[in-house]
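Contents: one structure, followed by commentary.
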Amino acid sequence: MLNYILRRLGAGLLLLAVVTAVTFWIFYVLPRWAGVTPHGMAAMYVGKAPTPEALDATVERLGLDQPIAVQFFDFLRTLLFGQEFTFGRETVECAAPCLGYSFTTNSPVLPQLLDRLPVTLSLGLGAAVIWVIGGVSVGVLSAVKKGSIFDRLAMGTALIGVSLPIYFTGLLALAFLVHEWGLFPVSRYVPFAEDPVGWYQVMLLPWITLAFLHAAQYARQTRAGMLETLNEDYIRTARAKGLSERKVIFKHALRPTLTPIVTILGLDIGMVLGGAILTEKVFSLNGVGAYAIDSIVAKDLPVVLGVTLLGAVFIVICNLIVDLLYPVVDPRVRIAT
Amino acid sequence: MRKRTLGFVALGAAASLFLSACGGSATGGSDSASENEFDQGSTQIVNPSDKTGGTLKYAIEADFDSTDPGNTYYGWSWNFQRYYARTLLAFNPEPGEAATDLIPDMATDLPEPNEDFTKWTIQIQEGLKYEDGSEIVAEDIKYAIARSNFNGGTFSLGPQYFATHLDQADHNVYEGSDPLAGFDSIETPDDYTLVFHLKDSFSEFPNVLAQVQTAPVPIEADRGELYQEKVLSSGPYKFDGEYEPGVKLHLERNEHWDASTDPVRPALPDRIELEIGVAQDEIDQRLVNGDIDVDARGTGVGAAMKGTLLDDESAQGNLDNPYTGALRYVNIHTPIIENVACRQAIMYAADRDSLWRAWGGEPGGDIATNLLPPAIPGSNPDSDLYPSEDNKGDLEAAEAKLEECGEEDGFSTTIAARAESDEDVQTAEALKESLARVNIDVNIETYPTADFFGQYAGSRDFVRENEIGMSVSGWGPDWPTGYGFASKITHGDAIMETGNFNTAELDDPEINGLWDQALQTEDPEERADTYEQIDTLVMENAAILPVVFNKALLYRSDELTNAYYQPAYMMYDFMALGVDRG
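Taken in order, these protein sequences are the chains called A and B. The numbering of the first sequence is my numbering, which starts it at 1 and goes up by one. The numbering of the second sequence is my numbering, which starts it at 1001 and goes up by one.
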C-alpha cells in the first residue's frame, strides 16, 4: 500500500516537473519564436513611455535576457533550496519551497497563494458537498421514479444546469438574489475562524451557483448508473429475497454506481481547488482562480508558475485519494501493490 | 438614502455576453430623483458639506501598479495616494478652469526659478510630521525623488521626469553605504529648503513637483520594493494593517497630521476602505445601490450600466459626463506611409462621424479635429485642417491628395488595434470602411492590449517587418498642459525601440524645436500659443488622426459630499470627498 502511494507520488512529482517546464516554455520560448526581444518583454513591466535605462534595468532584474535553461534551473533551485532576495538595502530570505516574488506587485508568491487558498478551499469544498449530496440524491430519486414528473423536472433542470455557464447563472443570481431582492448580503469573504456565520452567508450563493453546474452532471450520471444497475440480475435476486426496497437501493444498487461518481469527483475537486476562475471572478472572491487569471493577463510568470503548480498538486492529490477510496466504495477493487 | 434598484444591469451584462448588441431600457428606477442636476459635478461642488466622520468606501477591479508613491503611474493611484502621501505642490482643489493651477502642499510657496529655468528653489513648511510623529525634513524629499528615479531598476513603474531633467550623473541609491553620496542635483542647504539643478530649461518643472514622487521617504524607512506593503504616511490617513495586493487597502486617521498645514485635504471621513478585485459590473451595481461610494478607477461606469443609467430619468441628477482629458486617436505611421500627401488623404477620407459613433456617440465624447483636448491651454477644438460636410469626410480632397502622392488608384495598409478594446476595434473597422471609399484598402490586425506597445505597435522592428501603417491609440496628460499631454507622443526624442508611444514616429525638426522652445518660456499664455502651433503642425504632418475627446459617465451617489470633477486628476477629487449617510 505504502509502496503504491510512494510510486504514485513519484509519478506526480514527474508530472509537476513537466507542467513547470511547459509553463516556462510557453512564457519564454513562444514569444522569442514570435520575434519578441527581451526589451519588448520588459516593456510589460514598466510604466508608460519608459526610458531605455528603465527597460535595460528591468531586463536585468527579471533575467529576461538569460538563456531559458538558466532561468528554468534557477527557478527549480529557488523552489527546492530557497534563495535570498534583495529589496533596496534589505535582504530577505525566501525559504524553500520558494516560488519567488511577483514580477508586477513584488509580493512573495507563496504567502499570497496561501492567503488566497482558504477562499478557494471554502468555495470548492462547500460547493462539492452541495453538488454531491444534491446531485446524487436527485439522481437516485429520478432513477427510482423513472418517467415521473419529478424525474422529468429534475433531468430538465439538470440539463439547464449543465448548459448554463457560471457567468450567466452567477450574474443572474447576483442581480436578483443580492441586488434586487437583498436575500444575500453584498460583502467580501470573511474567514471561517473570524465569523462562521458571516462566512456561511457570503459563501452560500457562490456554493449554490457552482454546485448547480456540477450537480447536474452528477444527477444524470447517478440516474444512468442506477437505472443500469437496477436491471441487473442480483437486484432482482435481492428483491426476491424479500429485502426492503431501501436496502436494495442504497446497499445494492447505489454502491456500484458510486465508483464512476467518485472518479469524476476527484477530478472536479482537484480542478476547482486549482481555481474556480469564473466563479471567483463573478462573485469577486479573491481566491486562487482570480489570482491565476490576473497573473496570466499581467504575464506575471512567478505567479503563473505558482498557481499552475498548485493546481497540478491538487489534481495529483485528489486523484490519489480517489484511487485509495475505490476499495472502500467497491470492495471488489483491490489496489495492486 | 439607500437605493436597491437597477438589478437588471447584471442580467444585462450576462445577456450581452451572448448578444453583442445591448440596448434596451431595462431599469428599475431610483426611489426618488436626486435634487442635483445632470453633469453638475463637472463644474460645481455637489453636496457641499464639512461634515466629518464615517467610512468612505472605494472599490476597483484591477490593483494598484504599486502603493509606493515612488513607483506608480496610474491616474487613480496618483489621486488616491495623496491620502497618505503629501507632495511639494498640488493642483488647486476647485472645479473648473482654476483646477489646473498649482498651489503649495508641503511647500510654503510656489518654487522660484532662475532666469533660464535650470535651477528651482522651494521651501517646505516647518513642523510637518510623519505618522510616527517624527519631523519631515527636506532631505527626506530629496531621498524620495532619488529613490524613485535613480534606483538601478528597482522601480520601473513611475514616470522618469526627474531622471530625464535633473543634472545628475549616474546614480543608484541602493549602492554604497551612503545613498545620497554624489547625488548633488538636489541640494538641501537646510532642513526646509530644496534646490533643484536641471540639465536644460524646463519652465513646466513645478508640475513635476506635484507628482506623488515628491512625497517624503526617510532613508531608514525605505525597504525598496517592500516599502509598498506599509508606506510611512505624511498625509491625513495611514495604512491600517498591511496592503494586501489584489484584495484591499484600508486607511485610518493619522493623528500626527495637522489640518492647519494642509490646504488640499479636508480629510472628512474617519476611515477610507478600498476593496480591490471587484468585477466592474459588480462595482457599478454596488455604486448605484449605495453599497460603495466611489469607483476608484474614476473613468466611469461600464458599458452595461452606462446604457441603463442614461435611460433612467430619475438617475440623471446622479450623473456627471466630463471630459476624461484623454484623446482617442489613430497613429499614422510615418516610416510606413512615408509620403505626407498619402497620410493627408487618410485624414480627408476618414469619416469622423462614424468614428465618433464607434466611441458611443454623444456620451462617449466629442468629435476631435485637433490634437490638444479642450481643457488644455492652447487647445483650439474649432480648428479643423481637414473639414468636410457633416464630418463625413471629403472624398474629393482625399483623391486629390492620393494623386499628389502618386497613388491615384489607392493603396493597401494595415491598422493595429488592441484586441480587448471593443472601441479600438470598432474605430479600426469604421476607418477601414471610410477609407475603402477612396480605394485605400485597410487590413485590421488585433494584438493583446498588455503587449500592444511593448511588442507590437510600439515596437519599431515589428511595425517595419509587418508594414503596419496605422494603430489605434489613446493618451491622457501627465499634467494639464500641452507639454504634459503631447510631448511624449509627438517629440522626436520620445521615439523608442520598444514601448514606443510616439508610435507615428513623428520626428519633425520644427515641432521638436517648438517643444524645446516652450520649455524656455516663462509665460504660460505664451507657452499655450506655442502648443497651439505644435497642434497645427502635427495635423499638417498628418501623423495623428484625432477621433474623440473622450468623456466618461460617472455615477455620484447622494451620500457623497463635496463631489466635483478635478480635470488635473481627470476624475473626482478624492481628497475632497466625504460621506453623509443622513
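Idealized CB from N, CA, C, for every residue including glycine.
Quiz prompt | Extent of the continuous beta strand (DSSP E) run through threonine 1530 (chain B) | solution = Your numbering for residue 1530 (chain B) matches position 530 in the second sequence. Taken as a continuous stretch (DSSP letters only), threonine 1530 (chain B) belongs to no beta strand (DSSP E), being part of the alpha helix (DSSP H) at 1524-1541.
Quiz item: With respect to the beta strand (DSSP E) encompassing proline 52 (chain A), which residues constitute its N-terminal and C-terminal limits?
Solution: Numbered from its first residue, the first sequence carries residue 52 (chain A) at position 52. Note, proline 52 (chain A): premise wrong, no beta strand (DSSP E); alpha helix (DSSP H) at 52-62.
Quiz item: Given that aspartate 294 (chain A) touches chain B, what residues does it touch there, using C-beta distances under 9 Å?
Solution: As a position in the first sequence, residue 294 (chain A) is number 294, starting the count at 1. In chain order: Ala1062, Asp1063, Gly1246 and Gly1277.
Quiz item: Quick one, which of B:Asp1050, B:Ile1060 and B:Leu1431 has its alpha-carbon nearest alanine 1296 (chain B)'s?
Solution: Translated into the one-based positions of the second sequence, residue 1296 (chain B) becomes position 296. Looking at the Cα atoms, B:Ile1060 is the closest of the given residues.
Quiz item: Can you list, in chain order, the stretches of the beta strand (DSSP E) that have 3 or more residues and sit fully within the region 1542-1575 of chain B?
Solution: 1544-1551
Quiz item: From which residue to which residue does the beta strand (DSSP E) around tryptophan 1120 (chain B) run?
Solution: In the second sequence, the residue the question calls residue 1120 (chain B) occupies position 120. 1119-1123 is the span of the beta strand (DSSP E), which, as asked, contains tryptophan 1120 (chain B).
Quiz item: Residues of chain A with a CB under 8 Å from the CB of asparagine 1289 (chain B): which are they?
Solution: Within the second sequence, residue 1289 (chain B) is the residue found at index 289, counting from 1. Result: His179 and Val186.
Quiz item: With 7 Å set as the bound, which would you pick, yes or no: does the beta-carbon of glycine 1070 (chain B) sit closer than that to a beta-carbon of chain A?
Solution: In the second sequence, the residue the question calls residue 1070 (chain B) occupies position 70. Output row for glycine 1070 (chain B): interface = no.
Quiz item: Taking just the CA atoms, how far does asparagine 1151 (chain B) sit from glutamate 1131 (chain B)?
Solution: Walking along the second sequence from the start, residue 1131 (chain B) turns up at place 131. Walking along the second sequence from the start, residue 1151 (chain B) turns up at place 151. Cα to Cα, the separation comes out at about 25 Å.
Quiz prompt | chain B residues whose Cβ lies nearer than 8 Å to that of phenylalanine 27 (chain A) | solution = Residue mapping note: residue 27 (chain A) aligns to position 27 of the first sequence, counting from 1. By Cβ distance, chain B contributes nothing, its closest Cβ being about 13 Å from phenylalanine 27 (chain A), past 8 Å.
Quiz prompt | Within 7 Å, strictly: CB atoms of glycine 1364 (chain B) and leucine 1372 (chain B) | solution = Position 364 of the second sequence, counted from the start, is the residue given in the question as residue 1364 (chain B). Position 372 of the second sequence, counted from the start, is the residue given in the question as residue 1372 (chain B). Cβ distance not < 7 Å, so glycine 1364 (chain B) and leucine 1372 (chain B) don't count as in contact.
Self-check item: Below-7 Å beta-carbon distance, glycine 1307 (chain B) vs any chain A residue
Solution: Within the second sequence, numbered from 1, the residue matching residue 1307 (chain B) stands at position 307. False, the Cβ-Cβ gap to chain A never drops below 7 Å.
Quiz item: Where does glutamate 1532 (chain B) land, buried or exposed, given buried means 16+ other C-beta within 10 angstroms?
Solution: Along the second sequence, one-based indexing puts residue 1532 (chain B) at 532. Buried, by the Cβ-count rule.
Quiz prompt | Sequence-distant residues of the same chain with beta carbon closer than 6 Å to glutamine 1566 (chain B), five excluded per side | solution = Translated into the one-based positions of the second sequence, residue 1566 (chain B) becomes position 566. Excluding residues within five positions, the ones whose Cβ falls inside 6 Å are Ala1099 and Asp1573.
Quiz prompt | Where glycine 1582 (chain B) falls, given that 16 or more other Cβ within 10 Å makes a residue buried | solution = For the purposes of this step, residue 1582 (chain B) is identified with residue 582 of the second sequence, where counting begins at 1. By the 10 Å Cβ count, glycine 1582 (chain B) comes out exposed.
Exercise. Evaluate valine 22 (chain A) with the Cβ neighbour count: other Cβ atoms within 10 Å of its Cβ, from every protein chain shown; 16 or more gives buried, anything less gives exposed.
Key: Within the first sequence, numbered from 1, the residue matching residue 22 (chain A) stands at position 22. By the 10 Å Cβ count, valine 22 (chain A) comes out exposed.
Self-check item: Spatially closest choice to valine 1173 (chain B) from B:Met1539, B:Lys1142, B:Ile1544 and B:Arg1343, by CA coordinates
Solution: In the second sequence, residue 1173 (chain B) corresponds to position 173, counting from 1. Among B:Met1539, B:Lys1142, B:Ile1544 and B:Arg1343, the Cα nearest to that of valine 1173 (chain B) belongs to B:Lys1142.
Quiz item: How many Å lie between phenylalanine 1183 (chain B) and arginine 1223 (chain B) at the Cα?
Solution: Translated into the one-based positions of the second sequence, residue 1183 (chain B) becomes position 183. Translated into the one-based positions of the second sequence, residue 1223 (chain B) becomes position 223. Approximately 19 Å between the Cα atoms of the pair.
Exercise. Please report the residue range of the alpha helix (DSSP H) in which alanine 1349 (chain B) lies.
Key: Within the second sequence, residue 1349 (chain B) is the residue found at index 349, counting from 1. Note, alanine 1349 (chain B): alpha helix (DSSP H), 1340-1349.
Quiz prompt | Nonlocal neighbours in the same chain, by C-beta distance under 6 Å from glycine 1307 (chain B), ignoring five residues either side | solution = Taking the first residue of the second sequence as 1, we reach residue 1307 (chain B) at position 307. Contacts found: none.
Quiz item: Should the region 1323-1333 of chain B be regarded as contacting the region 1110-1128 of chain B, the criterion being three or more beta carbon pairs within less than 8 Å?
Solution: no
Practice problem: Taking only the alpha-carbon atoms, compute the straight-line gap between leucine 1327 (chain B) and phenylalanine 150 (chain A) and give it to the nearest angstrom. | Solution: Position 327 of the second sequence, counting from 1, holds the residue named residue 1327 (chain B). Position 150 of the first sequence, counting from 1, holds the residue named residue 150 (chain A). The straight-line gap from Cα to Cα measures roughly 60 Å.
Quiz item: asparagine 1339 (chain B) to isoleucine 1468 (chain B), Cα distance in whole Å?
Solution: On the second sequence, residue 1339 (chain B) is found 339 positions in, with the first residue counted as 1. On the second sequence, residue 1468 (chain B) is found 468 positions in, with the first residue counted as 1. Computed Cα separation, rounded: 15 Å.
Exercise. Say whether the region 1069-1084 of chain B touches the region 1154-1169 of chain B, bearing in mind that this needs 3 or more beta-carbon pairs closer than 8 Å, one atom from each stretch.
Key: yes
Practice problem: Mind reading off the beta-carbon distance from glycine 1499 (chain B) to proline 31 (chain A)? Whole number of angstroms is fine, and I expect it under 8 Å. | Solution: Position 499 of the second sequence, counting from 1, holds the residue named residue 1499 (chain B). Position 31 of the first sequence, counting from 1, holds the residue named residue 31 (chain A). So it is not a contact: roughly 15 Å between Cβ atoms.
Quiz item: For a contact meaning CB atoms closer than 7 Å, what does arginine 1464 (chain B) contact in chain A?
Solution: The residue given as residue 1464 (chain B) occupies position 464 in the second sequence. Simply none; closest approach about 12 Å.
Quiz prompt | Nearest candidate by alpha-carbon position, reference valine 19 (chain A), set A:Val307, A:Leu125 and A:Gln83 | solution = Looking up residue 19 (chain A) in the first sequence gives position 19. Here the closest residue by C-alpha is A:Val307.
Quiz item: Apart from the five residues just before and just after serine 1203 (chain B), which ones in its own chain have a Cβ nearer than 8 Å to its Cβ?
Solution: Taking the first residue of the second sequence as 1, we reach residue 1203 (chain B) at position 203. Around serine 1203 (chain B): Pro1113, Phe1117, Ala1518, Leu1519, Gln1520, Thr1521, Glu1522 and Arg1527.
Self-check item: 7 Å Cβ shell around leucine 171 (chain A) - same chain, five flanking residues per side excluded
Solution: For the purposes of this step, residue 171 (chain A) is taken as residue 171 along the first sequence, with counting starting at 1. These residues qualify, in order along the chain: Val282.
Practice problem: Under 8 Å between beta-carbons, which chain B residues line up against glycine 306 (chain A)? List them in chain order, please. | Solution: Looking up residue 306 (chain A) in the first sequence gives position 306. Simply none; closest approach about 13 Å.
Quiz item: Distance, Cα to Cα, asparagine 1254 (chain B) vs threonine 1561 (chain B)?
Solution: Translated into positions along the second sequence, residue 1254 (chain B) becomes position 254. Translated into positions along the second sequence, residue 1561 (chain B) becomes position 561. About 21 Å.
Exercise. Identify which residue in B:Ala1504, B:Glu1429, B:Glu1559 and B:Val1438 has its Cα closest to the Cα of valine 1463 (chain B).
Key: Along the second sequence, read from residue 1 onward, the residue named residue 1463 (chain B) stands at position 463. The residue with the shortest Cα to Cα distance from valine 1463 (chain B) is B:Ala1504.
Quiz prompt | Per-residue DSSP class, three states only, for valine 1330 (chain B) | solution = What you label residue 1330 (chain B) is simply residue 330 of the second sequence in a count that begins at 1. Strand, per DSSP.
Practice problem: Please list, in chain order, all residues of the same chain as leucine 64 (chain A) whose beta carbon is under 7 Å from its beta carbon, the five residues on each side excluded. | Solution: Translated into the one-based positions of the first sequence, residue 64 (chain A) becomes position 64. Cβ neighbours of leucine 64 (chain A) beyond the five flanking positions: Pro38, Met41 and Ala42.
Quiz item: Three-state secondary structure (DSSP) at alanine 1089 (chain B)?
Solution: As a working mapping, residue 1089 (chain B) is identified with position 89 in the second sequence. With the sequence shown as reference, residue 1089 (chain B) is identified as leucine, and alanine is not the correct amino acid for it. Reduced to three states, the DSSP call for leucine 1089 (chain B) is strand.
Exercise. Give the straight-line distance between the Cα atoms of leucine 1249 (chain B) and leucine 1268 (chain B), rounded to the nearest whole angstrom.
Key: Taking the first residue of the second sequence as position 1, residue 1249 (chain B) is located at position 249. Taking the first residue of the second sequence as position 1, residue 1268 (chain B) is located at position 268. Their Cα atoms are separated by approximately 18 Å.
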